[in-house]
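Asker: Structure incoming, see below.
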Amino acid sequence: MAINVDIQPAVPVVNDDTKDAVVIDSLTKIFKKSRPLLRWHKKNAGQKEEKREVRAVDNVTITIKRREIVGILGSNGSGKSTLIRILSTLLIPDSGHVSIFGYDVVKNDRTVQRLINRVSVEASFFKKLSPMENLIYAARLYNMPGDEARLEIRRILGRLGIKPDRIGAPLENMSRGMQQKVAIARAFLTAPIVLLLDEPTTGLDPRSKNDVQTFVRELRDEHDATILITTHDMDEAEALCDRVAIIDQGRIVALGDALALKRAVTGIMGRSEMVTMHEVFMHYTAAHLITETDIERYGSWEKAFEAFEAQREDDEE
Amino acid sequence: MSSLMHQGRATYAFFERNWNLTRRYWGWELVWLVYNIVNAMSVTYIGLSAQLITGVKINTNFFILYLLIGTAVWSYLSVTFDGVTDIINMERWEGTIEYTFMAPISRFTHMIGSCMYAVVHGLLFTILQLLIVGVFFHIDLSHANFVTAIVILLLGSISFIGFGIATAVLPLLYTEKGMQMSFIVRAVILLVSGVYYPVEALPQWMHPIAYASPATYVIEGLRAALMRNQPIWSPEILSYIWPLLLTGIISIPVGIYIFGIAERYAKKTGKLKRNG
Ligand SMILES: Nc1ncnc2c1ncn2[C@@H]1O[C@H](COP(=O)(O)OP(=O)(O)OP(=O)(O)O)[C@@H](O)[C@H]1O
Ligand SMILES: [Mg+2]
Chain A
432 MAINVDIQPA VPVVNDDTKD AVVIDSLTKI FKKSRPLLRW HKKNAGQKEE KREVRAVDNV
492 TITIKRREIV GILGSNGSGK STLIRILSTL LIPDSGHVSI FGYDVVKNDR TVQRLINRVS
552 VEASFFKKLS PMENLIYAAR LYNMPGDEAR LEIRRILGRL GIKPDRIGAP LENMSRGMQQ
612 KVAIARAFLT APIVLLLDEP TTGLDPRSKN DVQTFVRELR DEHDATILIT THDMDEAEAL
672 CDRVAIIDQG RIVALGDALA LKRAVTGIMG RSEMVTMHEV FMHYTAAHLI TETDIERYGS
732 WEKAFEAFEA QREDDEE
Chain B
8 MSSLMHQGRA TYAFFERNWN LTRRYWGWEL VWLVYNIVNA MSVTYIGLSA QLITGVKINT
68 NFFILYLLIG TAVWSYLSVT FDGVTDIINM ERWEGTIEYT FMAPISRFTH MIGSCMYAVV
128 HGLLFTILQL LIVGVFFHID LSHANFVTAI VILLLGSISF IGFGIATAVL PLLYTEKGMQ
188 MSFIVRAVIL LVSGVYYPVE ALPQWMHPIA YASPATYVIE GLRAALMRNQ PIWSPEILSY
248 IWPLLLTGII SIPVGIYIFG IAERYAKKTG KLKRNG
């Protein structure tokens with residue numbers, strides 16, 4: 432599809448059920464560490480370039496259907512946030528493509544921006560401004576009239592359990608979890624058709640986590656939104672997501688619905704009882720992906736796991 | 008049409024947000040005003056005491072007004088400049104820059120919204136400063152043409168803003184020290200533009216830079232307007248207006264273009280991120 436960058440359609444077509452919401456194709460993002468000024472000759476030349484690069488996202492391919500909730504799990508630094516940032520037009524990938532309802536995130540960024548919103552781990556607000564002032568700013572950027580936005584802000588914040596008297600007071604006095612709720616409200620406010628959630632519930636109490644999950648489901652059910660969510664909460668991933676992708680060192684190492692993943696790992700581990708999502712995570716993000724031959728060699732999954740972990744520790748020394 | 012409405016709303020969003028920030032940080036606003044007043048006074052006292060220092064009889068009132076115009080332009084340039092650069096700096100610290108850059112608006116809309124506020128803010132700030140400093144000195148405004156002064160200041164604002172947008176690249180890319188670097192840019196502009204002295208006093212090699220700086224024409228234009236009652240259509244004022252128009256027309260697109268390059272660079276190298 433050839434769409435000029437400058438003449439981007441005002442109302443993108445997104446109500447086609449057969450259309451894929453998000454298509455990620457061989458996506459790669461490499462970060463280069465800047466070298467320190469002076470003393471660049473010291474180290475031996477052999478291990479140089481490799482070490483100065485981080486392959487944050489490494490050849491990722493995945494297609495997300497409209498109305499699907501997909502979870503991304505992975506260790507710290509595995510590239511989840513980087514992936515989300517590329518989808519949010521905040522990072523330009525080195526190679527590969529992402530399109531959202533057919534619009535390329537790099538070439539048609541303005542159109543994509545109308546369709547998406549994102550919640551990051553950090554609330555990111557003008558801390559001296561009140562939730563209302565912060566959110567009304569966000570709403571206007573998305574072309575919402577002031578009066579309508581004010582009503583909607585009150586409604587969403589109320590639903591997330593923010594007391595009305597907090598809405599006009601500076602955000603800096605709020606607890607981390609409360610600030611996070613305001614951040615979630617900012618994303619819901621613009622009714623995005625694709626919602627990118629980067630650890631939205633980290634730091635929330637169990638009840639608030641539930642509230643957010645209910646909200647996410649509602650956005651899908653009533654608004655036909657497509658949702659990509661990263662989380663470190665295995666229960667949340669299992670409860671909320673239609674499919675889960677596990678990402679390790681920038682690569683997708685497993686993809687499927689939670690039950691299928693659990694079945695697969697149960698098989699590999701040779702258990703009689705179904706493994707937990709936690710165990711699935713440990714399996715796919717282990718220092719070394721444990722195969723059936725490894726299990727045979729070491730006697731059990733646990734022993735193989737320990738052996739590889741010990742090996743990694745030795746390597747790191 | 009609806010797109011125009013959208014860009015209008017977004018422009019207002021920046022205006023309103025910046026006003027809210029000024030309101031919420033009113034303590035700093037006050038500190039900043041006091042600082043500028045103190046600065047302006049210490050410079051203007053040079054004029055008042057020039058006779059004492061040199062032992063030569065001079066027209067003190069003339070000199071005071073001459074310096075006072077310099078201090079006013081300094082403040083005005085600072086506030087309008089900051090209206091663009093400081094906000095970017097703040098957005099970097101708070102991490103809101105990612106949300107601003109993610110919004111479906113053009114960088115032009117973003118900058119115009121911020122800049123319109125900067126101009127209004129700068130004008131009010133400078134007028135307040137002049138009124139307060141004016142209390143301490145006998146100022147002779149009998150030869151002042153205020154209409155010309157405002158026109159020159161507004162025309163100059165366009166260029167100041169263009170320069171401000173280009174300079175905002177510094178805090179965008181260098182969160183820790185970018186702001187200090189932007190102070191240097193501002194100081195250099197004022198040095199070459201003859202804030203407290205005629206440009207002719209500068210070494211010859213600086214003259215081309217001086218004539219490339221819009222601040223030079225603003226300062227000279229204000230002096231002509233406030234000290235010599237020059238109307239807008241006088242040849243002297245016109246000779247300041249056309250360079251200002253020219254730099255104004257060029258500097259905003261160029262500023263936004265430079266900012267766009269920096270934004271792209273930041274998105275390629277991951278410089279926008281602060282955490283998470
Ligand atoms: N802007 C950046 N500049 C340089 N390196 C970066 C940048 N962003 C991420 N990285 C690197 O890319 C890798 C992936 O980081 P990312 O933030 O995507 O991980 P993550 O999966 O979100 O981790 P976490 O669970 O801790 O949030 C890390 O090695 C990180 O250091
Ligand atoms: Mg992350």
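These protein sequence lines map, in sequence, to chains A and B.
Be aware that the first sequence starts at 432, since it is given in the numbering used here, and climbs by one per residue.
Be aware that the second sequence starts at 8, since it is given in the numbering used here, and climbs by one per residue.
Ideal Cβ positions, reconstructed from N, Cα and C, are used throughout, including at glycine.
As the structure is a prediction and not an experimental result, all values here were calculated from the model.
Does the Cβ of Ala441(A) have 16 or more other Cβ atoms within 10 Å, making it buried, or fewer, making it exposed?
Answerer: Because Ala441(A) sits at a pLDDT of 49, beneath the cut-off of 50, its placement in the model cannot be relied upon, and the point is left open.
Asker: At a Cβ threshold of 8 Å, is Trp732(A) touching chain B?
Answerer: It does not; no Cβ of chain B falls within 8 Å.
Asker: For ligand 1, any of its heavy atoms closer than 7 Å to the Cβ of Val126(B)?
Answerer: Answer for Val126(B): no, Cβ out of range of ligand 1.
Asker: Compute the Euclidean distance between the alpha carbons of Tyr272(B) and Leu179(B), then round it to the nearest angstrom.
Answerer: If you take the alpha carbons of Tyr272(B) and Leu179(B), they lie about 10 Å apart.
Asker: Just list the residues that DSSP pairs Gly510(A) with in beta bridges.
Answerer: Answer is none; Gly510(A) lacks a bridge partner.
Asker: Verify whether the separation of the beta carbon atoms of Ile168(B) and Gly77(B) is less than 8 Å.
Answerer: No, Cβ-Cβ distance for Ile168(B) and Gly77(B) is not below 8 Å.
Asker: My output table needs one value for Gly577(A): the three-state DSSP class, helix, strand or coil.
Answerer: If DSSP states are grouped into helix, strand and coil, Gly577(A) belongs with the helices.
Asker: Are Glu515(A) and Leu659(A) closer than 8 Å when you measure CB to CB?
Answerer: Correcting the residue type first, residue 515(A) is Ile in the shown sequence and not Glu. Their beta carbons are under 8 Å apart, which means Ile515(A) touches Leu659(A) by this criterion.
Asker: What did DSSP end up calling Lys460(A) once you bin it into helix, strand or coil?
Answerer: Strand at Lys460(A).
Asker: Starting from the beta carbon of Pro601(A), find every residue of chain B whose beta carbon is closer than 8 Å, and list them in chain order.
Answerer: In chain order: Arg31.
Asker: For the region 556 to 583 of chain A, which residues have a beta carbon sitting closer than 9 Å to at least one beta carbon of chain B?
Answerer: Listed in sequence order: Phe556, Phe557, Lys558, Lys559, Leu560, Ser561, Glu564, Asn565, Ile567, Tyr568, Ala569, Ala570, Arg571, Leu572, Tyr573, Asn574, Met575, Pro576, Gly577.
Asker: Check whether the Cβ atoms of Phe556(A) and Gln610(A) lie closer than 8 Å to each other.
Answerer: Yes.
Asker: Does the pairing of the region 568 to 587 of chain A with the region 615 to 624 of chain A give three or more beta-carbon distances under 8 Å?
Answerer: The answer is yes - the region 615 to 624 of chain A touches the region 568 to 587 of chain A, with three or more Cβ pairs under 8 Å.
Asker: What residues from chain B crowd round Ser519(A), counting only those whose CB sits closer than 8 Å?
Answerer: Going along chain B in sequence order, the residues near Ser519(A) (Cβ under 8 Å) are Glu105, Met109.
Asker: Report the option in Ser113(B), Tyr52(B), Thr18(B), Thr87(B) whose CA atom is closest to the CA atom of Phe266(B).
Answerer: That would be Ser113(B), whose Cα lies nearest to the Cα of Phe266(B).
Asker: Can you tell me whether DSSP reads Thr254(B) as helix, strand or coil?
Answerer: Three-state DSSP puts Thr254(B) in a helix.
Asker: Where does Glu630(A) sit, in a helix, a strand or coil, going by DSSP?
Answerer: It is coil, neither helix nor strand.
Asker: Assuming Ser121(B) is part of the alpha helix (DSSP H), what are its boundary residues?
Answerer: Ser121(B) -> alpha helix (DSSP H) spans 114 to 141.
Asker: When you check each C-beta in the region 264 to 275 of chain B against every C-beta of chain A, which residues fall closer than 8 Å?
Answerer: Cβ contacts with chain A come from Arg271, Lys274, Lys275.
Asker: Could you tell me whether the region 141 to 154 of chain B touches the region 112 to 130 of chain B, using the rule of 3 or more Cβ pairs below 8 Å?
Answerer: In short, these stretches do not touch, since the Cβ pair count stays below three.
Asker: I need the boundaries of the alpha helix (DSSP H) containing His663(A), first residue and last residue.
Answerer: That residue, His663(A), is in no alpha helix (DSSP H); it is neither H nor E in DSSP.
Asker: Which chain A residues sit within Cβ distance under 9 Å of Ile119(B)?
Answerer: Under the 9 Å cutoff, chain A gives no residues; its nearest Cβ is about 14 Å from Ile119(B).
Asker: Rounding to the nearest angstrom, what Cα-Cα distance links Ala433(A) and Gly262(B) in this structure?
Answerer: Caution applies to Ala433(A), whose pLDDT of 38 falls short of 50 and renders its modelled position unreliable; the value that the coordinates give is listed next. Each residue's alpha carbon lies about 30 Å from the other.
Asker: Tell me whether Arg607(A) is buried or exposed, calling it buried when 16 or more other Cβ atoms sit within 10 Å of its Cβ.
Answerer: Exposed is the call here.
Asker: Could you name the residues that DSSP lists as bridge partners for Asn548(A)?
Answerer: Answer by DSSP bridge pairing, in chain order: Leu626(A).
Asker: Which residue's Cα is closest to the Cα of Leu279(B): Arg498(A), Leu522(A), Ala452(A), Glu499(A)?
Answerer: The option with the nearest alpha carbon to Leu279(B) is Leu522(A).
Asker: Run through DSSP, which three-state label would Asn435(A) get?
Answerer: Any reading at Asn435(A) is ruled out, since the residue's pLDDT is 38, under 50, leaving its predicted position unreliable.
Asker: Heavy atom of ligand 2 less than 7 Å from the Cβ of Lys496(A), yes or no?
Answerer: Checking the Cβ of Lys496(A) against ligand 2 gives no.
Asker: Short of 6 Å in beta carbon distance, which residues of its chain neighbour Gln644(A), apart from the five on each side in sequence? Order them along the chain.
Answerer: Same-chain partners within the cutoff: Leu671.
Asker: 8 Å is my cut-off, CB to CB: does Glu484(A) come that close to chain B?
Answerer: Cβ-Cβ to chain B under 8 Å: no for Glu484(A).
Asker: Can Ser166(B) and Ser258(B) be called in contact, C-beta distance under 8 Å?
Answerer: It is a contact, given that the beta carbons lie within the stated cut-off.
Asker: Ignore the nearest five residues each way along the sequence and tell me which others in Ala7(B)'s own chain have a CB closer than 8 Å to its CB.
Answerer: The requested residue 7(B) does not occur in the structure, where chain B is confined to residues 8 to 283.
Asker: In its own chain, which residues sit with a C-beta less than 6 Å from the C-beta of Ser530(A), not counting the 5 before and 5 after it?
Answerer: These residues qualify, in order along the chain: Val454.
Asker: Taking Met708(A) as the reference, give the member of Ala691(A), Gly730(A), Gly577(A), Glu499(A) with the closest Cα.
Answerer: Residue Ala691(A) is the option with its Cα nearest to Met708(A).
Asker: Just by C-beta distance, which residues in the region 528 to 559 of chain A are closer than 7 Å to chain B?
Answerer: Cβ contacts with chain B: Arg541, Gln544, Arg545, Arg549, Ser551, Val552, Glu553, Ser555, Phe556, Phe557, Lys558, Lys559.
Asker: Which whole runs of the alpha helix (DSSP H) in the region 158 to 217 of chain B are 4 residues long or more, in chain order?
Answerer: The qualifying runs are 176 to 180, 185 to 199.
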